[in-house]
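Here is the structure we will look at.
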Amino acid sequence: MTPDLNSRPRLAVGCRLNEKNQPSRVLHMPEKALRVSGPSLEIIERCDGERTVQQIVSELQRLYSKAEPKKVEADILEYLVRLHDQRALDFISGESSQSAETR
Amino acid sequence: MTSAAPTPLGLIAELTHRCPLHCVYCSNPLELGRRAGELSTEQWARVFREAAQAGVLQADFTGGEPLARPDAVDLVRAARASGLYVSLITSGLPLDEARLDELVQAGIDHIQLSFQGATEDAASEFSGTKSHSQKLLVLDWLKRRRVALTLNFVIHRANLHQLPEMLAMAETSGVGRIEFANVQYYGWAFANREHLLPTREQLDRSVEFLKQAQERLRGKMQVEFVVPDYYAKYPKACMGGWGKKMILITPNGDVLPCHAARIIPGLQFENVKDRSLREIWETSAAFQKFRGVEWMPDLCKSCDRRERDFGGCRCQAMLLTGDAAATDPVCSLAPQRSIVDAVLASVNASEGNSQVRPNWLYRPNPA
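Protein sequences appear in the order of chains X and G.
The opening residue of the first sequence carries number 761 in the working numbering; numbering runs sequentially from there.
The opening residue of the second sequence carries number 46 in the working numbering; numbering runs sequentially from there.
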């Protein structure tokens with residue numbers, strides 16, 4: 761699958777990042793925990809059900825401005841699909857969202 | 046030489062051995078812990094704090110039936126307050142909607158609801174309790190709440206033919222994860238092994254079916270399954286390695302490297318009432334005994350897979366060979382593999398799905 765750029769990814773129920781004050785950041789999932797850092801953490805922190813995929817891509821392209829923008833986009837999409845296949849992420853349809861309309 | 050202790054990641058909290066079910070494959074030890082010796086609410090809360098401080102990320106509340114403890118909601122709250130991710134592994138039987146709401150409000154992260162079959166008759170036979178219809182009711186309550194849910198089906202020779210119905214149950218309910226856990230042979234399951242171990246043909250058919258289900262449901266529902274060790278080519282990395290990732294606390298506070306470790310003669314288990322969890326994890330003789338690779342027989346020590354499966358399961362080696370330090374005999378390279386092959390030969394010589402109800406040994410409820 762390819763995620764719709766206007767959809768808004770959100771961590772699935774049962775999946776959450778641990779608290780910020782911990783020595784290392786972890787994405788908790790049922791029966792599993794992934795240590796996350798760098799770009800993967802930047803992506804997951806933005807999967808808040810508010811930002812669209814497009815917004816996340818734009819923000820990370822700015823954050824990693826030395827990287828090739830197309831490469832950043834492709835990596836993000838691939839990572840989002842992987843999280844989705846692990847049932848860690850839901851894509852909320854962009855069309856029903858008011859915040860997506862008012863952009 | 047002993048190995049330095051790694052950071053523990055998971056805590057298995059056996060809150061109690063009391064249980065309304067009497068499953069013929071229960072992973073609890075044959076000698077069950079008594080209610081009178083169980084840790085208090087405050088003692089468990091301290092264990093959760095110490096576990097989180099030692100690096101533990103996730104806690105599994107199990108039993109017995111963890112909800113047999115009247116303070117289960119308080120314990121969820123205490124574990125969450127310590128920073129742990131909390132899963133509840135339950136039969137669902139002690140639940141009503143009000144208590145479920147309390148658990149959700151207390152911050153339960155994930156609930157694993159167990160099923161013993163796809164039909165009332167089958168489930169009653171294997172659990173020794175009429176429980177299936179109540180579980181379906183609980184499933185319905187869970188679906189209407191915002192909590193992660195895994196359905197867990199324990200599968201074996203006598204219910205493998207119900208696999209399609211089990212999967213259909215999960216698909217209909219729209220649950221995110223389903224686990225098909227083939228029985229492994231310890232505790233009560235070891236005692237009932239001849240009635241539980243599937244035939245090769247049954248197993249191959251089920252694996253084929255489940256692989257197709259995984260493919261078809263990718264992104265919709267996670268389908269997990271575990272094959273019985275006896276049919277594997279290499280042993281499982283039991284507990285992710287002895288004393289490497291997991292800590293198990295029994296109802297009375299003894300600290301074990303795994304569910305079954307009590308069967309290994311000569312191991313002394315320390316108790317959270319006497320020392321801190323970190324000290325026990327790092328220095329207790331029981332955790333050091335099979336940590337790392339030093340203890341291994343030469344076959345394992347020189348094997349490329351020594352850091353992948355850690356020589357397999359110590360308790361299985363004990364049960365099948367009488368030597369806890371032997372290579373797990375389910376390994377195809379093990380000198381004592383013939384023990385497992387003999388068991389499989391006898392199982393495969395008989396029909397997979399007998400019409401005669403076996404003479405099950407049921408797990409009782411502890412005093």
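Yeah, the Cβ is synthetic: ideal placement off N, Cα and C, and Gly gets one too.
In the DSSP assignment, A58(G) falls within the beta strand (DSSP E) that extends over 55 to 59. Annotation for L406(G): A236, N237 place their beta carbon closer than 6 Å to its own, counting only its chain and skipping 5 residues before and after.
I294(G) sits close to A58(G), with the two beta carbons spaced by under 8 Å. Contact check for L66(G) against G173(G) passes: the beta carbons are separated by less than 8 Å.
Every unbroken stretch of the alpha helix (DSSP H) spanning 4 or more residues and falling wholly within the region 99 to 158 of chain G is given here in chain order: 117 to 126, 142 to 151. Here D349(G) is exposed. Its C-beta has fewer than 16 other C-beta atoms within 10 Å. Interface criterion met: the Cβ of Y130(G) is under 8 Å from a Cβ in chain X. Counting C-beta atoms within 10 angstroms of its own C-beta, P310(G) has fewer than 16 neighbours from the protein chains shown and is therefore classed as exposed. Under the three-state reduction of DSSP output, L66(G) falls in the coil class, being neither helix nor strand. Shown here for W89(G): same chain residues with a beta carbon closer than 6 Å to its own, the five before and five after excluded, namely L120 in chain order.
Counting only runs that start and end inside the region 272 to 358 of chain G, the beta strand (DSSP E) elements of at least 3 residues fall at 291 to 294. For P769(X), the enclosing beta strand (DSSP E) begins and ends at 768 to 771. K290(G) has its alpha-carbon roughly 24 Å from the corresponding atom of G152(G). The beta-carbon distance between A96(G) and L129(G), rounded to whole angstroms, is 7 Å. This is short enough to meet the 8 Å contact definition. Listed along the chain, the chain X residues whose CB falls inside 8 Å of the CB of R359(G) amount to none; the nearest CB is some 23 Å away.
W287(G) places its beta carbon 8 Å or farther from that of R353(G). The Cβ-Cβ distance between T107(G) and H155(G) does not fall below 8 Å.
Under the three-state reduction of DSSP output, T372(G) falls in the coil class, being neither helix nor strand. For E253(G) and A394(G), the gap between their C-alpha atoms comes out near 22 Å. Listed along chain G are R191, V192, A193, each with a C-beta nearer than 7 Å to that of V773(X).
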